[in-house]
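Visitor:
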Amino acid sequence: MRKSLGERIGQAGVYIVLSAAGLLCLLPLVHIASMSLSSLQAVSAGKVTLYPVDFSFSAYRQLFEGTSIVNAFVNSVVITVVGVALSMLFTILAAYPLTRSYFWGRQAFTMGIVFTMLFGGGLIPTYLTVRNLGLIDSYWALWLPGLVSVFNLLVLRSFMQNIPEEVDDAARIDGCGEWRYLLRIVLPLSTPVLATLALFYGVGYWNSFFNVLMYINTPDKYNIAVLVQQMIQSQMMLAQMSTSSSSENLVLSPDMVNSAAIIVMVLPMLVVYPFLQKHFVKGVMIGAVKG
Amino acid sequence: MSRTWRRNLPLLLMFVPVILFFVVFKYVPIGGAIIAFKKYNLMEGVLHSPWVGMDNFRMLFSTPTTLEIIRNTLMLSLLSIVVGFPFPIVLAILLNEVGRMWFKRIVQTLVYLPHFFSWIIVSGIIVTVFSQQNGLVNGIWESLTGQSYPFLYREGSWLSIFVGSGVWKEAGFSAIIYLAALSGIDPTLYEAAEMDGASRWRQMWHVTLPGLRVTIVLMLILSLGRVMEVGFDQVYMLQNSSVSDISEVISTYIYKVGLMGSQFSLTAAIGLFESLVGLVLVLGANAVAKKFGSGLW
Amino acid sequence: MKMAKSAKAAALAAALLTVTVLSACSKDEVTADKAAKEGEKPNLTVSMYDRGNVPKEMGTIDNNRWTKWLNENVPVNAQYIPIPRGESVQKLNLLFASGDAPDVVFEFDTGFRNQLYQQKQLLPVDDLIEKYSTNYKELMEKYPVMKKAAVKPDGKMYEFGRVGYLTGFQALFIRQDWLDNLGLKAPETAEEFFEVAKAFTEQDPDGNGVNDTFGTALSGETGGTIGTMFQSVGWVLQDGKLVRAWDQANAANDFKKRLYDAGTVDKDFLADKNGQKAQQDWNNGKIGIFVGRTIDLANVGQYYEQLKKNVPEAEVKAIKLPSSEFGRFAIGVNNPVQMTTVINANAKNPEAAMQYIDFMASKEAVDMLRFGEEGVDSVKGENGCLRPIDGEKFNQEVAWNLDFQLLLSRVEMGECGSILSQLDPSKPLEKEFMELVKENDEANLSPDVEYASITHGEHMPTLPDDLSVINANVSKIDDIYNKAITSGSAYTVDQAYADALNLWKKSGGEQLETFYADWYDTNKDTAFLAKDMWEFIEPKK
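Each protein sequence line maps, in turn, to chains A, B and C.
Using my numbering, you'd call the opening residue of the first sequence number 14 and step up by one each time.
Using my numbering, you'd call the opening residue of the second sequence number 436 and step up by one each time.
Using my numbering, you'd call the opening residue of the third sequence number 19 and step up by one each time.
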């Protein structure tokens, strides 16, 4: 179909606005990347803007040499992958029954769950619970207390409720049981939102920092977020730990390590996102209705 | 009877682990909130610390600054919601209008990036851009007006920067959920609209937006539940002395008080108060939403 | 029974907790007993800051060369509990709340240690020192004033610490080359300070033809020091009474406002919260008067080397803080008696804890932890002090054990404890910095300057809970004054003072006044005050 002039102008406007927005978000990343790739002199003199000055890998060398960053990276992956799997499982198990109109106590359960979103006991009681279950210093202490995010649960429930009733009716006529209906129909129809929630959980687990510091006591089990944070702090603390006079020691500034750390932390998230975007295909529903 | 039982049994089986989770990890710790009515100390613990009734709340509400702090919290938070809420929706809709997949993918990924920058970084960027001495914006401003303007130190411009930076940082990430919702819209609806000769604009209005309605309402209710928790980092990193009359919020206040001693009970009292406000707002918003058929329960 | 009546639901939840708490506790005891039987040495748990700075090859903070060395030499079997440095108070709170806290706790935060005391989590140590200590007891006999710092309101000692000589900590650096270029001399009074700052701003002191210099800074430590110049330090002595320093605050902020209005400081100082921007400007040779530090080797790089790299002709002096109508004050000195260590009230074996602490304070541990093994990690230099053989290797092997040195008393090291002994006079840069260190000691410790505050912040009393809330509420007064500095004629310091006073009264500031006045009245003879600090000046040879 031919497009009217107005529509073409509208289209052009969309592209311009989005390009501007994209650029506005890209510039800081370019700046951060440049900082991480410049020399200390250039960074501390404030000379670095949008390209590296006195190109140098020293910040990354500092991050990767002499620290257990590889180990921490593996830990992060374990925490994230297992955490996402567990959280998704429980979120689905929680959301699906709540979409069924005939589920006993549906309303009461929903209220009870929303209540926990608003009220909490604070750090100490949660810690005591985790401790009394013997979970301190194990990753279960990271996975279990935040297993189901009420926010994500409500989002998933809302999307599942969006599945047309005809689909439900058709499945019933076929004699589909709850489990089969969930696995064969509801979940495949919910891939976009499942991908979204997996991303939300994943980002949360990947960035988890405070919980790791509180619940994990063995430095070997730290994740990359903690390692990176400590690195930045110890860079600031360098003042106290150097014993030979600085010149050779002080090749980095906290800014540089911080920049490099951001790049290292963000990169995996950047790589993962496009894979999830693939699941945001239009019209997941129609196939189901027709088939 | 037996039919409903048969239908409920598998659902219950699914739900039992979920109940267990909420009881053990949510409801048991919530019991700890009773320290809001006690004078908690480490020696005697949650159970045996002495009761003090409403003393902590009295202490909280008897200080002259408390009302100002609550007002600031509500103002910053509501402003962020009112101004910021439409952005992810608009962004998602605009991305939806893009035909070229590669362009859509790239923009989508770029706008998602700022979510991963900490507020320390963002505040550094903001100072670079808006500072009075050498700021980028002031460079332009000065060449136009011949004078510099203290963007960071006037309440009006600071508020705009505060809200704007929040939008910049989170709009792309929040848009994901709407993008997911968009994929649930039946394409035949667009085809039908096009047959009827509806313009893109009208399609957006009559097909896209209704398709997002449920998600929009849900997001609105959930964000109201969090009204009292303006992000600590954002306020803490962006605030400065000149704007402290409007920038001191509950979380930064707790931080200040906490620095001077571990005020467990007072903190718990504040937390309880925040929760109550959140509860009232969620109940209210939900009641309204229910009238339009999309409440939480 | 009573409890269930008062709050059924809460009690139910809590009961669940108790059951699990009890079972968990009994389990712990069993394992502890078993372990005690197996080894001969008693077991001891010790907190250790974890900064993530242990090189991978050296192991982890709880298991490395130094933990091994210590366990070979201490009569206890110490097990280390890593405490993340950035979140140490949070983590220790959780450990104490759950009864899992280590027997020996190292913590810098005085407020937190006092809170542990108030909540009865600490063990009084007078008897322990008497019975089981040799090294620490000796140190206390040598410096009886240490006791003042360790005693809590009930009259018993609860803390252990480390003792160092009193030295200049912060330094007021000035660009001597700029002074020479403009034919000025270093300021002796606040008024001269203002004139010099103004000249540094307006008369192109670096001669580059561009108007791109600042006289001084108001952010970071420089801003704080300008306050100190007017004794604006919160609480001051007046006619033998400890009172709030209102006049001082007004004078200081008036002065800062003048500096701001004259354009001698960066207009964005309020956005420069930790003074990083000012530091950057100093290093780039854009600031004339700036406060840095001369306490540690790393300060050479931080405040001097970078400046010299960017501006080779720069010449720096460390000068005395100019005088004001309130007197002439020290810029900033270290805390010569720093309390760092406490014993958990629930420690199963206090004797073992004391033995551990005693060893950590011994000369043997001091030398070993500070310099590593003689002949392997360090050798004696010309001045007779140990010095790393190979800087890089030393950093890898020894330098990071900093947090094992929390009981390391520098007085025990004599001259070798000072930064001067660590600088190398054969390197021009370090030789110049040695001069700055000496100048700064003179500026801070000479007889004609006094300490602006009654004592170092770490020896001030900790406020009770309700007063600390008031204190937090009145902290907004700083913002009010800052606003006056930046608002020109629209909001003067006088107006700010009126508003501040109003807030003070409304918030119950009088209660703070009573608290501090009473505290000083009752404790002026027993508290660790400035005159006690000045006893720790290194004796001249």
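All C-beta atoms in this analysis are idealised placements derived from N, C-alpha and C, irrespective of residue type, glycine included.
Rounded to the nearest angstrom, what separates residue 70 (chain A) and residue 176 (chain A) at their Cα positions?
Guide: So the alpha carbons of these two residues sit roughly 52 Å apart.
Visitor: Name the chain A residues whose beta carbon is nearer than 9 Å to that of residue 105 (chain C)?
Guide: Within 9 Å Cβ-Cβ: 223, 226 and 227.
Visitor: Short check: CB of residue 347 (chain C) to CB of residue 256 (chain C), under 9 Å?
Guide: Not in contact: residue 347 (chain C) and residue 256 (chain C) (Cβ atoms no closer than 9 Å).
Visitor: Is there a C-beta anywhere in chain A that falls below 9 Å from the one on residue 462 (chain B)?
Guide: Closer than 9 Å: yes.
Visitor: Can you check whether the C-beta of residue 136 (chain C) is within less than 9 Å of a C-beta belonging to chain A?
Guide: False, the Cβ-Cβ gap to chain A never drops below 9 Å.
Visitor: Beta-carbon separation of residue 166 (chain A) and residue 104 (chain A) under 9 Å?
Guide: For residue 166 (chain A) and residue 104 (chain A), yes; Cβs fall inside 9 Å.
Visitor: Suppose you measure from the CA of residue 633 (chain B) to the CA of residue 131 (chain A); what does that come to, to the nearest Å?
Guide: Using only the alpha carbons, I get a separation of about 44 Å.
Visitor: Report the three-state DSSP secondary structure of residue 550 (chain C) (helix, strand or coil).
Guide: Helix, per DSSP.
Visitor: For residue 378 (chain C), which option in C:91, C:79 and C:75 has the closest C-alpha, if you only look at C-alpha atoms?
Guide: When each option's Cα is compared against that of residue 378 (chain C), the closest is C:91.
Visitor: Are the beta-carbon atoms of residue 169 (chain C) and residue 175 (chain C) separated by less than 9 Å?
Guide: Taking 9 Å as the Cβ cut-off, residue 169 (chain C) and residue 175 (chain C) qualify as a contacting pair.
Visitor: Using three-state DSSP, classify residue 253 (chain C) as helix, strand or coil.
Guide: Three-state result, residue 253 (chain C): strand.
Visitor: Starting from the C-beta of residue 203 (chain C), find all residues in its chain whose C-beta is less than 7 Å away, skip the five residues before and the five after it, and write them out in chain order.
Guide: Here the set comprises 197.
Visitor: Could you pull out every residue in the same chain whose Cβ sits closer than 7 Å to the Cβ of residue 195 (chain A), ignoring the five residues on either side in sequence?
Guide: Around residue 195 (chain A): 109.
Visitor: Which residues in chain B have a C-beta closer than 7 Å to the C-beta of residue 139 (chain C)? List them in chain order.
Guide: Chain B residues near residue 139 (chain C): 477 and 478.
Visitor: Got a sec? Which residues, its chain only, sit under 8 Å from residue 510 (chain B) by beta carbon, not counting five neighbours each side?
Guide: Answer for residue 510 (chain B): 681, listed in chain order.
Visitor: If you draw a straight line from the alpha carbon of residue 107 (chain A) to that of residue 57 (chain A), how long is it in whole angstroms?
Guide: So the alpha carbons of these two residues sit roughly 52 Å apart.
Visitor: Give me the Cα-Cα distance between residue 480 (chain C) and residue 136 (chain C), rounded to the nearest whole angstrom.
Guide: For residue 480 (chain C) and residue 136 (chain C), the distance between alpha carbons rounds to 10 Å.
Visitor: Would DSSP call residue 659 (chain B) helix, strand or coil?
Guide: Three-state DSSP puts residue 659 (chain B) in a helix.
Visitor: Measuring alpha carbon to alpha carbon, tell me which residue in C:333, C:545, C:556 and C:491 is nearest residue 9 (chain C).
Guide: Absent from the structure is residue 9 (chain C), since the part of chain C shown begins at 19 and ends at 559.
Visitor: Based on DSSP bridge pairs, tell me the residues matched to residue 312 (chain A).
Guide: For chain A, the structure presents residues 14 to 304; residue 312 (chain A) sits outside this window and is missing.
Visitor: Would you mind telling me which residues of chain B sit closer than 7 Å to residue 285 (chain C), beta carbon to beta carbon, in chain order?
Guide: Chain B residues near residue 285 (chain C): 567 and 568.
Visitor: Using only the alpha-carbon positions, how far apart do residue 118 (chain C) and residue 88 (chain C) sit?
Guide: Roughly 23 Å separates the two Cα atoms.
Visitor: In angstroms with no decimal places, state the Cα-to-Cα distance between residue 554 (chain C) and residue 131 (chain C).
Guide: Computed Cα separation, rounded: 24 Å.
Visitor: What do you get for residue 67 (chain A), buried or exposed, if any count of 16 or more other CB atoms within 10 angstroms of its CB means buried?
Guide: Exposed, because fewer than 16 other Cβ atoms sit within 10 Å of the Cβ of residue 67 (chain A).
Visitor: For chain A, is any of its Cβ atoms less than 9 Å away from the one on residue 491 (chain B)?
Guide: By this cut-off, residue 491 (chain B) is not an interface position.
Visitor: Using a beta-carbon distance below 9 Å, is residue 701 (chain B) in contact with chain C?
Guide: It does; some Cβ of chain C falls within 9 Å.
Visitor: Excluding the 5 residues preceding and the 5 following residue 41 (chain C) in the sequence, name in chain order all residues of the same chain whose CB lies nearer than 6 Å to its CB.
Guide: Confidence in residue 41 (chain C) is poor, its pLDDT being 39 and thus under 50, which makes the residue's placement unreliable; the coordinate value appears in the next sentence. Nothing meets the Cβ criterion.
Visitor: Check the Cβ-Cβ distances between residue 110 (chain A) and every residue of chain B, and say whether any is below 9 Å.
Guide: At least one chain B Cβ lies under 9 Å of residue 110 (chain A).
Visitor: Based on the DSSP output, what are the partners of residue 63 (chain C) in its beta bridges?
Guide: For residue 63 (chain C), which the question treats as bridged, DSSP gives the partners C:97.
Visitor: Does chain C have any CB closer than 9 Å to the CB of residue 181 (chain A)?
Guide: False, the Cβ-Cβ gap to chain C never drops below 9 Å.
Visitor: Does residue 72 (chain C) get closer than 9 Å to chain A when you measure Cβ to Cβ?
Guide: Chain A, which has a Cβ nearer than 9 Å to the Cβ of residue 72 (chain C), makes this yes.
Visitor: Can you pull the chain A neighbours of residue 524 (chain B), defined as C-beta to C-beta under 9 Å?
Guide: Simply none; closest approach about 14 Å.
Visitor: Can you tell me the Cβ-Cβ gap for residue 472 (chain B) and residue 487 (chain B), rounded? I've got them flagged as a contact below 8 Å.
Guide: With 8 Å as the limit, residue 472 (chain B) and residue 487 (chain B) qualify as a contact, their Cβ atoms being about 7 Å apart.
Visitor: Quick one: which chain A residues come within Cβ less than 8 Å of residue 115 (chain C)?
Guide: Going along chain A in sequence order, the residues near residue 115 (chain C) (Cβ under 8 Å) are 137, 140 and 141.
Visitor: Taking the straight line between their C-alpha atoms, what separation do you get for residue 34 (chain A) and residue 121 (chain A)?
Guide: Approximately 43 Å, taken between the alpha carbons.
Visitor: Check whether the Cβ atoms of residue 456 (chain B) and residue 148 (chain A) sit closer than 9 Å, and answer yes or no.
Guide: No, the pair does not count as a contact, with Cβ atoms beyond the cut-off.
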